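Below you'll find the structure, written out as structure tokens, and then a few comments.
There are 6 protein chains.
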Amino acid sequence: MRLALSTWPEVEAYLETSKGIIVPIGSMEQHGPNGLIATDAICAEEIALATGTAHGVLVGPTITLGVAQFNLDFPGTVTLRAETLMAVIRDYVRSLVRHGFERVFFLNGHGGNIAPANAAFQDLYADASFRADRAGASPLRCRLRSWWEYEGANTLRHDLYGEDEGLHATPSEVAITQAAYPDAIKRVEMAKPARLSPGYYRDFGGDRHYDAVHHRHWFPDGRIGSDPSLATPEAGRRLLEILVPDVIADYEAFLAEDTP
Amino acid sequence: MRLALSTWPEVEAYLETSKGIIVPIGSMEQHGPNGLIATDAICAEEIALATGTAHGVLVGPTITLGVAQFNLDFPGTVTLRAETLMAVIRDYVRSLVRHGFERVFFLNGHGGNIAPANAAFQDLYADASFRADRAGASPLRCRLRSWWEYEGANTLRHDLYGEDEGLHATPSEVAITQAAYPDAIKRVEMAKPARLSPGYYRDFGGDRHYDAVHHRHWFPDGRIGSDPSLATPEAGRRLLEILVPDVIADYEAFLAEDTP
Amino acid sequence: MRLALSTWPEVEAYLETSKGIIVPIGSMEQHGPNGLIATDAICAEEIALATGTAHGVLVGPTITLGVAQFNLDFPGTVTLRAETLMAVIRDYVRSLVRHGFERVFFLNGHGGNIAPANAAFQDLYADASFRADRAGASPLRCRLRSWWEYEGANTLRHDLYGEDEGLHATPSEVAITQAAYPDAIKRVEMAKPARLSPGYYRDFGGDRHYDAVHHRHWFPDGRIGSDPSLATPEAGRRLLEILVPDVIADYEAFLAEDTP
Amino acid sequence: MRLALSTWPEVEAYLETSKGIIVPIGSMEQHGPNGLIATDAICAEEIALATGTAHGVLVGPTITLGVAQFNLDFPGTVTLRAETLMAVIRDYVRSLVRHGFERVFFLNGHGGNIAPANAAFQDLYADASFRADRAGASPLRCRLRSWWEYEGANTLRHDLYGEDEGLHATPSEVAITQAAYPDAIKRVEMAKPARLSPGYYRDFGGDRHYDAVHHRHWFPDGRIGSDPSLATPEAGRRLLEILVPDVIADYEAFLAEDTP
Amino acid sequence: MRLALSTWPEVEAYLETSKGIIVPIGSMEQHGPNGLIATDAICAEEIALATGTAHGVLVGPTITLGVAQFNLDFPGTVTLRAETLMAVIRDYVRSLVRHGFERVFFLNGHGGNIAPANAAFQDLYADASFRADRAGASPLRCRLRSWWEYEGANTLRHDLYGEDEGLHATPSEVAITQAAYPDAIKRVEMAKPARLSPGYYRDFGGDRHYDAVHHRHWFPDGRIGSDPSLATPEAGRRLLEILVPDVIADYEAFLAEDTP
Amino acid sequence: MRLALSTWPEVEAYLETSKGIIVPIGSMEQHGPNGLIATDAICAEEIALATGTAHGVLVGPTITLGVAQFNLDFPGTVTLRAETLMAVIRDYVRSLVRHGFERVFFLNGHGGNIAPANAAFQDLYADASFRADRAGASPLRCRLRSWWEYEGANTLRHDLYGEDEGLHATPSEVAITQAAYPDAIKRVEMAKPARLSPGYYRDFGGDRHYDAVHHRHWFPDGRIGSDPSLATPEAGRRLLEILVPDVIADYEAFLAEDTP
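These protein sequences, in sequence, are chains A, B, C, D, E and F. First residue of the first sequence? That's 1 in my numbering, and the numbers climb one at a time after it. First residue of the second sequence? That's 1001 in my numbering, and the numbers climb one at a time after it. First residue of the third sequence? That's 2001 in my numbering, and the numbers climb one at a time after it. First residue of the fourth sequence? That's 3001 in my numbering, and the numbers climb one at a time after it. First residue of the fifth sequence? That's 4001 in my numbering, and the numbers climb one at a time after it. First residue of the sixth sequence? That's 5001 in my numbering, and the numbers climb one at a time after it.
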């Protein structure tokens, strides 16, 4: 069930059955020679919709713009500042809380959103925490999960692409977009990527990259250690299939957490 | 050409031919008994895409969340504060300027966005205006146009629905969403709306509504003087058709404005 | 009755008779070869005071600084950023609400204030709308009316000056300042202005101008299509006279709006 | 010379003779049983205009709203938050710098403005200080002087009223408003005030008061240790006369400070 | 009793005996040829700890970063913007209020903090003042006292160093750091300082300095009219000894102020 | 070498040898029945100082306040909002950049700082990334490393305490504070903690806790799965010893990263 394609009486009815919602969050940034600008937003949205459709969970409108300042030297990247994304998340969540939602599960497609999203949650909770009145405690709980945190998907990524998966503009994410938008598949030749060191994963995971000029100097065609020319729609479908049961289990465990 | 479904080299190539872009901007808010929450975002996006596809203009990712605080008493509405939307627009435009875009044409689907968007433009220009150096003048120009400003569409709205068009949750906007998402057409019975006074249009146009409790008190099912049960996908298609030539002419005149 | 020239017990007494107030809002910016920097502030204040004096309505202190970034290339212009004006309006209105005022009528003299003022109202209402508690609904209602929205004044402007009225540094606004400050009338020779196209009114109305360097390039002496050398104090007095009944009727209708 | 009543060519001409300007800054807050809400703004403006008129110094538009949160329990007080006043001062000064002004002298009428104004100056300077490029050093210098800092005025205040001068709603400031607005003189009987301790002056000088409910509890009619029933327009004129030579000497010394 | 070195149950127990706390606030900025970057933070902390230890008052964690933009041209200075320090103070005080503290006494070591701290207090109070509900009045009271405001210390400073005390990088403040950190005493030869005029004290007291390039131009080795080569640890100990009784008396008078 | 205990000429000399600095960042929050409020700040500072002393690296002043809103229901916790910590980090880093520092290594002691610190880095980089001029690329690089990310320390934590280490108020962090502040060791009896599930580590690692009332409900004495009664100063010394070589190697690799 998509919030965007629902009427308000339908949302009202949903709220009588559940206080939970899944919110996809992505990015609009370069994804290498053949990846779509919207790759991260599409991945998050497709996974969320597949899960929501299969299990009757409401899926909120996708937050399509994320924090991608390090990709600004590649034409087409549209980024928010971290503090802007925090404001967007704050207003979005406060809107949901206004309607009675209590558990907001962000399905994330972009590493650069992890820090600002978690910082935004801190300030949402802080609004309640600074108030001395325990009786008025907020029922709100937020969680952000990136789709590559799921074991099954990760194993499949490795099985499909090994070291060619890389860290950005990966064949897996491109594959998911190919499954979703078959008319927008781009065929581009590209060289084999250089291998990333384990240290690179440790230091720059979660897109902890420097500024845009640094970034393009190191990764001139936008890929980070990946070979997205290997992507296929079929691989995208397999990734979506393997993700849905993991996402729904995770979401349901989140809903089932006990209440103080 | 959709930025979201392009690669960065494709955007780079586009920039060699044009410095202009169309950015749809909508809202996620209740649209009466049978209107979709995403109505305003869908209308803006559909009109922009129809125009961009027909005339080779790049269409940026839709700003789906707008300022809709007055609808928060209806479940499902997700609003930004005006200052948050201003930050989103600022970052979005600054990203485009980074790539060399100079004329940003916002195709708007929601009255509540007009004030914050124009205020955001003022502050973007102010960044340049406060600098004393004339040589470093910014080439940026922004324009926001709401689709109901176009004569042809307005005449058609009146021809189709007369006074039943109303001000919010109108049959015309619902019709456009029906043309775009035929699987999401909702059939709901509803009473004939009360007529709005000319004074109401004058005072509350541009969604200059009060807070959410005021608003729902006056418009308990979310419609403002409209009968969206009259919407049909066919009417939506006609509206899109009549809009494209007007939008492209307006956009091209914007691009052709002379340069100081 | 001017708030500025009242004592607090006098304001307390006023509040027992009315919850309404008129707040003039203007700008400090160039107004062409013979117009005063304070033109917009003076116009708003004079109209508000004439109305308040005639009808016993409290007039708050004038917000003299507005958003006029596009005039910064002309010496003497003092502008606020849009977000600053929004903060000023927010604090001003919250102060009034603290005392029990419920209806705040902004009498506006500057197009550049329309967007930020309406955006500020949205965020003031949003503070209430985000709260779920309907019982605690805010009674606050704000309205901004620019004096050129009144039919009578507009007809008189046209009768007096025809196309020479123009869009900025108009003979009408200069005339009002001449009526108010006869010692500050400036006599300056100037060429006849170029005519503005209808498209210019549509696209740049509400002072939707670009940055300061753009603006001065197009309008090198600060006028926009106007001939303010035609202004006379007598015309200013006639405009004030014709405005008062329209303003008071509009204000009283605002006070008389029903309550949710 | 008043900026507000000048044209832009007049300001342009002034800038060829001087880079300095005087900016009055006041407050809109209760001033006891017979003091006007605008007392602080009027005092600052009158002193600045008397000085500017006598000595050909440009006087900018008065910042009429200051930080007066502690007076919000008295009807009519309109306050800015400190951070809002800082934004107003920042934009005002940056506008002046855009035109070539280098020395901005704030003539202050309200203790509650001292902290935020000086904090605003710090952040204006910080914009330059954070930049490493010494060549691009900012020529901007700001100074805030409250009119009661001048020896001559202080002696006269004491000679006129002794301990009845008090700290707020003083007979001296009310006298200045009576000289300026003789039609707005209010005659109200009031009890003799309680005497303030030296510790009160030390701890609460600069309006370092607590919140509004604290403040009204301690000073239920709004006066702080003063007897403003003693005010006369004649005393106001004497204060203005004695202030002008001190203000102009101070201002000229500020302009004459050497340049790094 | 140091909050930093306490457990939460110890703080809980303290709160049953007192609602007051002392918070040291300093700066990290150059202090001339032989002064430590942390001089202001050390002085504030040492005085607060000496007082707290002697009299059983809880001492909160030191705010070590202050507003020192004017010293940024000297390597090692770390400054906050005024608005950042205001946010730090706001969050700190709101945390204390959450636990039941009602009187927060800031012991200050840096002139540049006075304006932003007092501005921060205004906005903390404003949060309460804007609320109309008198019953919910905030019990919070804040005070900032700089250690050089105490008579005894000032007399001793003068007795020890006369005019060589100066305004910044004074031998007295350096002496306190020498008493506290004997291992970090630096011996540096330096010329006798130029004498400051009384006007300099009046205009630049409270660190009302211009930007960093201005500042270093006037004071190339960082001292302002002082000879810190005269500092001795013994003098530092004497200053601490003479300060403690004055600080505790002042603090206790603050706690004993009556309650509205 | 401690920046706080250095003079500005000493910092100037250091900068001729290195562009790198280590900045400890901690928190002031409850750490269970026997842990100090300052535990996280002390751990970060001790590790940084031990490293800096052994290897001649400059250590900046500790950021002692972090984001700990979830601990506000325990007396003594002092938290910043995430957006405030971001502002502190921004100003701190910009101060360092002003002096020529290019690589800023944050040694972190508190999970709740990870998200806001990385978000702050994003916005610092964004300031450069939004500028189109590649020649003016910023040399700034920031890294945040939490001390429990080091393999050696983690192994030792496990060897020393096994599952009793837990997630907050761990015996290891308490041990480090005992080594640093032997006079502040608290002996408190406490029950064995409940075991945490692996899911708890996954979902709440990096202190992704909900608000303060939630948090205290689940962990009523402040510990999260830990037995800090097992802490000893000796264990603290061992942890410090094992950390220094890992920190310095990591820091030096950071300095040695190549330059775009």
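We treat Cβ as the ideally placed atom computed from N, Cα and C, and that holds for glycine. Treat the numbers as computed from the prediction; the structure is a model and nothing was measured.
- Please decide whether residue 4125/E counts as near chain D, where near means a Cβ-Cβ distance under 7 Å. yes
- Contact list for residue 2105/C against chain D, beta-carbon separation under 7 Å: The premise fails here: residue 2105/C is roughly 15 Å from chain D at the closest Cβ pair, so nothing lies under 7 Å.
- Proximal chain F residues relative to residue 3130/D, where beta-carbon distance stays under 9 Å: 5091, 5094, 5095, 5097, 5098
- Are residue 229/A and residue 190/A touching if we call contact CB-CB under 7 Å? yes
- Item | Residue burial classification, residue 2220/C (beta-carbon count within 10 angstroms, cutoff 16) | exposed
- Query: Could one say the Cβ of residue 3087/D lies closer than 7 Å to chain E's Cβ atoms, at least one of them?
  - Reply: no
- Query: Using the C-alpha atoms, what's the distance from residue 5064/F back to residue 5157/F?
  - Reply: 24 Å
- Query: residue 4211/E CB to nearest chain D CB: under 7 Å?
  - Reply: yes
- Beta-carbon proximity of residue 4053/E to residue 4177/E, cut-off 7 Å: no
- Item | residue 4190/E, DSSP secondary structure in three states | coil
- For residue 1104/B, I'd like the list of residues in its chain whose CB is within less than 7 Å of its CB, leaving aside the five on either flank, ordered along the chain. 1021, 1023, 1093, 1096, 1142
- Message: Quick check: residue 187/A and residue 1072/B, are their CB atoms within less than 7 Å of each other?
- Response: no
- Beta-carbon of residue 4116/E versus every beta-carbon of chain D: anything under 7 Å? yes
- Message: Looking only at its chain, what residues have a beta carbon closer than 8 Å to the beta carbon of residue 2015/C, apart from the 5 residues adjacent to it on each side?
- Response: 2099, 2100, 2101
- Query: Any C-beta of chain B sitting closer than 7 Å to the C-beta of residue 74/A?
  - Reply: yes
- Quick one: give me the first and last residue of the alpha helix (DSSP H) that residue 52/A is part of. 39-55
- Sheet register partners of residue 2114/C (DSSP bridge): None; residue 2114/C has no bridge partner.
- Task: Tell me residue 1034/B's beta-bridge partners as DSSP assigns them.
- Result: Note: residue 1034/B sits in no beta bridge, so no partner.
- Item | residue 1169/B and residue 1223/B closer than 7 Å at C-beta | yes
- Other residues of its chain near residue 2055/C: CB distance less than 6 Å, five sequence neighbours each side excluded: 2248
- Can residue 1193/B and residue 1231/B be called in contact, C-beta distance under 7 Å? no
- Task: Residues of the segment 1042-1071 of chain B with a CB closer than 7 Å to any CB of chain C: list them in chain order, please.
- Result: 1067, 1069, 1070
- Output the distance between the C-alpha atoms of residue 3213/D and residue 5110/F, rounded to the nearest integer angstrom. 39 Å
- Does any CB atom of chain E fall closer than 7 Å to the CB of residue 5008/F? yes
- Same chain, Cβ closer than 8 Å to residue 4057/E, five either side skipped, listed in chain order: 4001, 4018, 4020, 4021, 4022, 4051, 4248, 4251
- Message: Would residue 4085/E and residue 4116/E be called neighbours here (beta carbons separated by less than 7 Å)?
- Response: yes
- Task: Have a look at 3138/D, 3147/D, 3004/D, 3007/D and flag the residue whose alpha-carbon is nearest the alpha-carbon of residue 3265/D.
- Result: Given a span of 3001 to 3260 for chain D in the structure shown, any question on residue 3265/D remains unanswerable.
- Query: Does the Cβ-Cβ distance between residue 4107/E and residue 4044/E come in under 7 Å?
  - Reply: yes
- Please list the partners that residue 5246/F has in chain A, where partner means a Cβ-to-Cβ separation under 7 Å. Near residue 5246/F there are no residues of chain A at all, since even the closest Cβ is about 13 Å away, more than 7 Å.
- Message: Cutting at 7 Å between CB atoms, please list the residues of its own chain near residue 4215/E, excluding the five before and the five after it.
- Response: 4070, 4071, 4073, 4209
- Distance between residue 5046/F and residue 5181/F (C-alpha atoms, nearest Å): 10 Å
- Task: Could you give the DSSP three-state label for residue 3146/D: helix, strand or coil?
- Result: strand
- Three-state class that DSSP yields for residue 1242/B in the structure shown: helix
- Task: Please name the residue in 4029/E, 4207/E, 4152/E whose C-alpha comes closest to that of residue 4244/E.
- Result: 4152/E
- Query: Of the residues that make up the segment 5190-5217 of chain F, which ones have a beta carbon closer than 7 Å to any beta carbon in chain E?
  - Reply: none
- In the structure shown, what three-state DSSP assignment does residue 1001/B receive? coil
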